[in-house]
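Structure first, commentary second.
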Ligand SMILES: O=C(O)[C@H](O)COP(=O)(O)O
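Numbering (UniProt numbering), first residue to last: 1 to 408.
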C-alpha cells in the first residue's frame, strides 16, 4: 500500500485499500454492459514458449468482464500460427489472433505500403497499430486495455486496475497509464526508466526552462510501462512511433489531443518483473542501447514540434547535464536500496549511465542529420481516407486466417 500524494499535472489513482479483486471484477462486469471492454496483447511467438505468457493466459481465462481479446502475433510461421490458435483457444472470451507474417495480412500491408500509409519498420509499434485498427474494425468495444506478454509477476488484478479508470462510466478519462514498483529478486530494475528517462527529462527542464510538456512527461511514475488503457475514440487520431519510442510517443500524443483532466495514471501492481534485455553496449541495434536511442530521439522530435530548436551545442550541454543528474540518481537509488535491504550494483548502474549519455549524443546527432525523418505510423483516420474499406478488409483477412488454419 502506498501514499496518496498527487505529483505533477495529471491525476494519480493509488492503491489505498488493497480492495478485493472479486469486488472489482463484479463492478467491472456491471460496467461492461455500458462500456464493453477489450484487451490487446502484442506478442512474439517466442513468448508463447516463455515463462510468462502461459500463466497470463491461465489468469485471463478467469476474467469475466472482457468482450474480446485481440492478440497481435509477430515472428510466427504457419505452423507457429496454428500452434498459437491452439494455445489461445482455451480463452473463454471471443478472441482473435492477428498473424502479421501470414500471406493475407502481408498482402494488405503491401497495399498500404504502396499508398505510403503503412508502418515502415517492424516491431511492437507496428503490432499494436494493427491491433488498434482491428479494434476499430470489429467496433464492439468502448474501452481497451493493453499490456505486455512478458510479465512474470502477472495476476489478473493488474488488468482490473488498469482498465477500471476508462471502464467506469462515471469517470471521464480517455487514457490511463499503469505504474508499479519494478523491484524483483532483491533488486531495483527498470534501468531505462530510472537512469535515462527521468534524469533526461530533468536535464531538459534545466536547459530549456519551464515547459508544461516536460512537466507532464515527468508526472508519470513509470513512463515506459507497456501497460495502458484508453477509450475507443483515442484510436482514430493517434500517431504511433514504430520503434521503442512507442510508450513516450503515446504519452506525447495524449498530451496533444486531450486536456490533462482526461488523463490519469494508476497503480496496477505491488511488484512487477519481466524479461530483462541486455545493455548491448557494443551494438546499438538492440537491447537497452537501441531503446535509449529511440526514446531520446522521440523526445527531441516531440520538443521540436513544440518549437524548440536544437543544435550540437544544446546536445553537448544536455549530455553533460544529464550525466551529472543521472549520477546523483545512482546515489539516491543506492541509498533507497540499502535502507530496504536490496542490492544495487553501482558499477553496472554507472556503466548504463555512461552508455545512455553517449546515446543521447548519438540521438541528437541523428536528429540534426535527419530532422524530417518521421518514424510515426499514420493515424487510422488517414489510412481510412486513403483506403476506405481497409478496416473491413483487415477484419476479413483475420477471420479468413482463423477459418483456414484453426483445427476446430
Ligand atoms: O523499463 C525499463 O526501464 C526497461 O524496460 C528496462 O527494464 P529492466 O531494467 O527492468 O530490464
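Cβ coordinates follow ideal geometry from the N, Cα and C atoms, glycine included.
| Asked | Found |
| --- | --- |
| Can you find a C-beta in chain C that's less than 7 Å from the C-beta of residue 175? | The chain inventory of the structure shown lacks chain C, comprising one protein chain alone. |
| Do you know offhand how far residue 176's Cα is from residue 161's? | 10 Å |
| Could you give the DSSP three-state label for residue 68: helix, strand or coil? | strand |
| Looking only at its chain, what residues have a beta carbon closer than 7 Å to the beta carbon of residue 76, apart from the 5 residues adjacent to it on each side? | 45, 84, 99, 101 |
| Determine the extent of the beta strand (DSSP E) in which residue 131 is found, giving its start and end residues. | Here residue 131 belongs to no beta strand (DSSP E); instead the alpha helix (DSSP H) covers 124-138. |
| Grab the span of the beta strand (DSSP E) containing residue 143 for me, first residue to last. | 143-146 |
| Could you have a look at residue 207 and say whether DSSP puts it in helix, strand or coil? | helix |
| Could you tell me how far apart the beta carbons of residue 247 and residue 141 are, in whole angstroms, since I believe they sit closer than 8 Å? | That belief does not hold up - the Cβ atoms of residue 247 and residue 141 are roughly 22 Å apart, past 8 Å. |
| Whose CA, out of 174, 16, 391, lies closest to the CA of residue 262? | 174 |
| Is residue 148 closer than 7 Å to residue 226 when the C-beta atoms are compared? | yes |
| In angstroms with no decimal places, state the Cα-to-Cα distance between residue 403 and residue 88. | 15 Å |
| Alpha carbon to alpha carbon, how far is residue 373 from residue 367? | 8 Å |
| Only counting runs of 3 or more residues, tell me where the beta strand (DSSP E) segments fall wholly within the segment 27-64, in order along the chain. | 37-44 |
| Using only the heavy atoms of ligand 1, determine whether one of them is closer than 6 Å to the beta carbon of residue 189. | yes |
| Tell me whether residue 46 counts as near ligand 1, meaning its Cβ is closer than 6 Å to at least one heavy atom of that ligand. | no |
| What three-state label does DSSP hand residue 169 in the structure shown? | coil |
| Please state whether DSSP places residue 197 in a helix, a strand or coil. | helix |
| Quick one: give me the first and last residue of the beta strand (DSSP E) that residue 269 is part of. | 263-269 |
| Name the DSSP bridge partner or partners of residue 99? | 73 |
| Do residue 61 and residue 90 have their C-beta atoms within less than 7 Å of each other? | yes |
| Figure out for me which residue from 228, 133, 152, 39 has the closest Cα to the Cα of residue 93. | 39 |
| Rounded to whole angstroms, how far is the Cβ of residue 325 from the Cβ of residue 334, which I believe are closer than 8 Å? | With a Cβ gap of about 15 Å, residue 325 and residue 334 do not count as contacting. |
| Taking just the CA atoms, how far does residue 164 sit from residue 13? | 10 Å |
| Please report the Cβ distance between residue 196 and residue 292, rounded to the nearest whole angstrom; I am assuming they are in contact, meaning their Cβ atoms lie under 8 Å. | 5 Å |
| Could you give the C-beta distance for residue 167 and residue 4, rounded to a whole number, given that I count them as a contact under 8 Å? | Going by Cβ atoms, the distance from residue 167 to residue 4 rounds to 22 Å, so no, they are not a contact pair. |
| Excluding the five sequence neighbours on either side, which residues of its own chain have a C-beta within less than 6 Å of the C-beta of residue 133, listed in chain order? | 380, 394 |
| Looking at the strands, I want to know which residues DSSP matches up with residue 178. | 266 |
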